[in-house]
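Participant: Take a look at the following structure, please.
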Amino acid sequence: MDPHLLRTFVAVLDHRSFSGAAAALGYTQSAVSQHIAALEADLGSRLVERRPVAPTPAGARLLEHAPALLLRLDAARADIARLHQTRPTRLTVACSPAALGATVAGALAELRAVTHSLDVEVRVTGRDAVLADVVAGRADLGFVDGAAAPSDPLPMPDLGPMTTLAAAEETLAVLFPRDHPLAERRAVRLSDLTQAQWIDASDTAVPLDRLRAVCRAEGFRPRIRHRGTDLHGLAALTAAGHGLAALPLPVAAALPGIAAVPVSAPRLVHRTELVHPANPTAPARQLVDLLTTRRLAADAGRR
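Just so you know, the UniProt record's numbering puts the end of the sequence shown at 303, numbered straight through with nothing missing.
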């Protein structure tokens with residue numbers, strides 16, 4: 001299966017348009033049509049309905065495999081490219097919004113204090129985009145966040161030759177409007193909130209499907225969807241009564257217009273994990289070492 005044809009297939013269905021895919025990929029519309037026809041001939045099945053543009057049953061099945069296949073190809077290319085890097089003077093870090101807290105910011109400040117010439121770029125994106133950027137070599141390392149039992153790793157897709165490291169664990173909290181009946185509670189149980197209205201903010205807050213999984217319960221119905229990485233926008237929606245959301249307590253407590261109430265049950269933490277390739281660049285390795293030292297010191301202090 002030609003990966004160029006597969007990329008065109010994904011682009012057509014992402015844009016729901018042959019012309020949109022052509023513009024995004026820099027091809028002519030005729031070339032896009034030829035790519036789809038060639039892929040269909042290769043697989044012996046019609047993959048895309050033309051009017052309107054939509055996947056056939058076979059196309060939907062292929063679409064389940066395509067992103068992971070293309071990501072692994074990008075990972076292989078990036079892995080080889082890193083072998084030929086000299087002494088990089090740039091560090092690109094990708095972070096999901098709630099992962100960019102005091103721990104990560106402090107480690108970056110400490111790194112820049114000992115490497116004065118290092119050019120640091122921090123990109124804030126959704127969790128899936130963070131992982132894709134690291135795997136494909138567009139970022140040297142990444143930080144993603146989520147809810148987990150204490151000391152448990154976050155569930156991750158198959159990332160190939162990648163390494164994960166716990167960077168921080170913080171109290172998980174629920175965001176309420178200040179006039180909500182539960183806003184003055186010292187703590188809340190998530191199981192008491194399964195039938196509440198929530199904000200579906202999968203790139204910013206803890207995803208609702210993750211809350212269902214850790215509570216082993218249905219519910220957590222979205223009242224509104226928030227797309228993007230704006231934590232203040234999410235807080236404004238909560239403050240206006242559009243629904244609840246779950247964030248780390250230090251992040252939530254700094255947001256205006258809302259009450260942040262810690263979660264007491266189930267026993268969960270908000271966990272931030274660092275993801276990096278098996279052969280990271282020298283600046284990325286330095287940051288990993290700094291965070292490892294910080295985490296070991298924090299663990300020793302709790303004993």
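Here a beta-carbon is modelled for each residue, glycine too, at the ideal position from N, C-alpha and C.
The model shown is predicted, which means the values in this text are computed figures rather than measured ones.
The beta strand (DSSP E) spanning Leu172 covers which residue range?
Facilitator: Here residue 172 corresponds to residue number 172 of the sequence shown, with the count starting at 1. Its beta strand (DSSP E) spans residues 172-177.
Participant: Where in the stretch 50-127 do unbroken runs of the beta strand (DSSP E), each at least 3 residues long, occur, reported from the N-terminal end onward?
Facilitator: Taking only runs of at least 3 residues, the beta strand (DSSP E) segments lying wholly in the stretch 50-127 are 90-95, 119-124.
Participant: Measure the Cβ-Cβ separation of Ala99 and Leu175 and say whether it is below 8 Å.
Facilitator: Within the sequence shown, numbered from 1, the residue matching residue 99 stands at position 99. Within the sequence shown, numbered from 1, the residue matching residue 175 stands at position 175. Not closer than 8 Å, so no.
Participant: Between the stretch 289-297 and the stretch 93-108, do at least 3 Cβ pairs fall closer than 8 Å?
Facilitator: Touching, yes.
Participant: Given the structure, does Ala196 come close to the ligand HEM, in the sense that its CB is under 7 Å from one of the ligand's heavy atoms?
Facilitator: In the structure shown, the ligand HEM is absent, as is every other ligand, since no ligand is present at all.
Participant: What are the start and end residues of each continuous beta strand (DSSP E) run of 3 or more residues lying completely inside the stretch 228-273, in chain order?
Facilitator: The qualifying runs are 245-248, 258-265.
Participant: Determine the burial state of residue 317: buried for a count of at least 16 other Cβ atoms within 10 Å of its Cβ, exposed for fewer.
Facilitator: No statement about residue 317 is possible, as the shown extent of the chain runs from 1 to 303 and does not include it.
Participant: Alpha carbons only, please: which of Pro3, Arg295, Ala37, Leu274 is nearest the one belonging to Leu159?
Facilitator: By one-based count along the sequence shown, residue 159 stands at place 159. Here the closest residue by C-alpha is Leu274.
Participant: Measure how close the beta-carbons of Arg123 and Ala136 come, nearest whole angstrom, since I'm counting them as under 8 Å.
Facilitator: Counted from its first residue, the sequence shown places residue 123 at position 123. Counted from its first residue, the sequence shown places residue 136 at position 136. That belief does not hold up - the Cβ atoms of Arg123 and Ala136 are roughly 13 Å apart, past 8 Å.
Participant: If you drop the 5 nearest sequence neighbours on each side, which residues of the same chain put their C-beta closer than 8 Å to that of Val263?
Facilitator: By 1-based counting over the sequence shown, the position of residue 263 is 263. So the list reads Thr171, Leu172, Ala173, Val174, Ala187, Val188, Arg189, Leu190, Ala246, once near-sequence residues are dropped.
Participant: Quick one, are the C-beta atoms of Arg223 and Ile199 less than 8 Å apart?
Facilitator: For this step, residue 223 is matched to residue 223 along the sequence shown. For this step, residue 199 is matched to residue 199 along the sequence shown. Contact: yes.
Participant: Between the beta-carbon of Pro150 and the beta-carbon of Arg267, is there less than 8 Å?
Facilitator: Here residue 150 refers to the residue found at position 150 of the sequence shown. Here residue 267 refers to the residue found at position 267 of the sequence shown. Going by C-beta atoms, Pro150 is nearer than 8 Å to Arg267.
Participant: With DSSP as the reference, please indicate the residues paired to Gly146 in a beta bridge.
Facilitator: Here residue 146 refers to the residue found at position 146 when the sequence shown is read from its first residue. In DSSP, Gly146 forms a bridge with Arg271.
Participant: Should Ile36 go down as buried or exposed, given a rule of 16 or more other Cβ atoms within 10 Å for buried?
Facilitator: For the purposes of this step, residue 36 is taken as residue 36 along the sequence shown, with counting starting at 1. Buried, since its Cβ has 16 or more Cβ neighbours within 10 Å.
Participant: For the candidate residues Ala147, Ala167, Leu25, whose alpha-carbon lies nearest to that of Leu141?
Facilitator: As a position in the sequence shown, residue 141 is number 141, starting the count at 1. If we check each option's Cα against that of Leu141, Ala167 comes out closest.
Participant: Return the chain-ordered list of same chain residues with a C-beta closer than 8 Å to the C-beta of Gln34, the five sequence neighbours on each side being excluded.
Facilitator: As a working mapping, residue 34 is identified with position 34 in the sequence shown. Taken in chain order, the list of residues that qualify is empty.
Participant: Between Cys95 and Thr164, what straight-line distance do the alpha-carbon atoms span, to the nearest angstrom?
Facilitator: Counted from its first residue, the sequence shown places residue 95 at position 95. Counted from its first residue, the sequence shown places residue 164 at position 164. Between Cys95 and Thr164, the C-alpha separation is close to 14 Å.
Participant: With a threshold of 16 other CB atoms inside 10 Å of the CB of Thr281, please say whether the residue is buried or exposed.
Facilitator: Taking the first residue of the sequence shown as 1, we reach residue 281 at position 281. When all chains shown are included, Thr281 counts as buried.
Participant: Which of the three DSSP states is assigned to Glu169 in this structure?
Facilitator: As a first step, residue 169 is located in the sequence shown; it is residue number 169 there, counting from the start. The answer is strand: DSSP assigns Glu169 an E or B state.
Participant: Using a Cβ-Cβ cutoff of less than 7 Å, which residues in the same chain neighbour Glu49 once the five nearest sequence positions on both sides are dropped?
Facilitator: Here residue 49 is taken as the residue at index 49 of the sequence shown, counted from 1. Here the set comprises Thr56.
Participant: Of the residues Arg185, Phe18, Glu169, which one's Cα is nearest the Cα of Ala298?
Facilitator: Stepping through the sequence shown from its first residue, residue 298 is reached at position 298. Of Arg185, Phe18, Glu169, the residue nearest in Cα terms is Glu169.
Participant: Touching or not, the stretch 64-78 and the stretch 6-14, by the rule of three or more beta carbon pairs under 8 Å?
Facilitator: Segments in contact, yes.
Participant: Look up Leu141 in the DSSP assignment and give the residues it is bridged to.
Facilitator: Working through the sequence shown from its first residue, we reach residue 141 at position 141. In DSSP, Leu141 forms a bridge with Val93.
Participant: So, for Ala147: in the same chain, excluding its five sequence neighbours on each side, which residues have a beta-carbon less than 8 Å away from its beta-carbon?
Facilitator: Translated into the one-based positions of the sequence shown, residue 147 becomes position 147. Around Ala147: Leu172, Val206, Arg210, Leu211, Val214, Ala246, Leu268, Val269, His270, Arg271.
Participant: Apply the 10 Å Cβ neighbour rule to Pro181 and answer buried if 16 or more other Cβ atoms are within range, or exposed otherwise.
Facilitator: Here residue 181 refers to the residue found at position 181 when the sequence shown is read from its first residue. The residue in question, Pro181, is exposed, as its Cβ has fewer than 16 Cβ neighbours within 10 Å.
Participant: Entirely within the UniProt domain "HTH lysR-type" (1-56) and at least 4 residues each: give me those alpha helix (DSSP H) ranges in chain order.
Facilitator: As far as the UniProt domain "HTH lysR-type" (1-56) is concerned, its whole alpha helix (DSSP H) runs of at least 4 residues are 3-15, 18-25, 29-43.
Participant: Taking DSSP's pairing of strands, which residues face Pro153 in a bridge?
Facilitator: In the sequence shown, counting from the first residue as 1, residue 153 sits at position 153. DSSP output for Pro153 lists no bridge partner at all.
Participant: If you drop the 5 nearest sequence neighbours on each side, which residues of the same chain put their C-beta closer than 7 Å to that of Thr229?
Facilitator: Taking the sequence shown and counting its residues from 1, one reaches residue 229 at position 229. Result list for Thr229: Pro97, Val124, Thr125, Gly126, Asp203, Thr204, in chain order.
Participant: Going by C-alpha distance, which of Arg90, Leu193, Ser45 is nearest Ala265?
Facilitator: Residue numbering aside, residue 265 sits at position 265 when the sequence shown is read from its first letter. Ranking Arg90, Leu193, Ser45 by Cα distance to Ala265 puts Leu193 first.
Participant: Which residue wins for smallest C-alpha separation from Met156, given the options Thr89, Val32, Val114, Asp128?
Facilitator: Locating residue 156 in the sequence shown gives position 156, where the first residue counts as 1. Answer by Cα proximity: Asp128.
Participant: Hey, could you find the ends of the beta strand (DSSP E) Arg210 is sitting in?
Facilitator: Indexing the sequence shown from 1 puts residue 210 at position 210. Not the beta strand (DSSP E): Arg210 falls in the alpha helix (DSSP H), residues 208-215.
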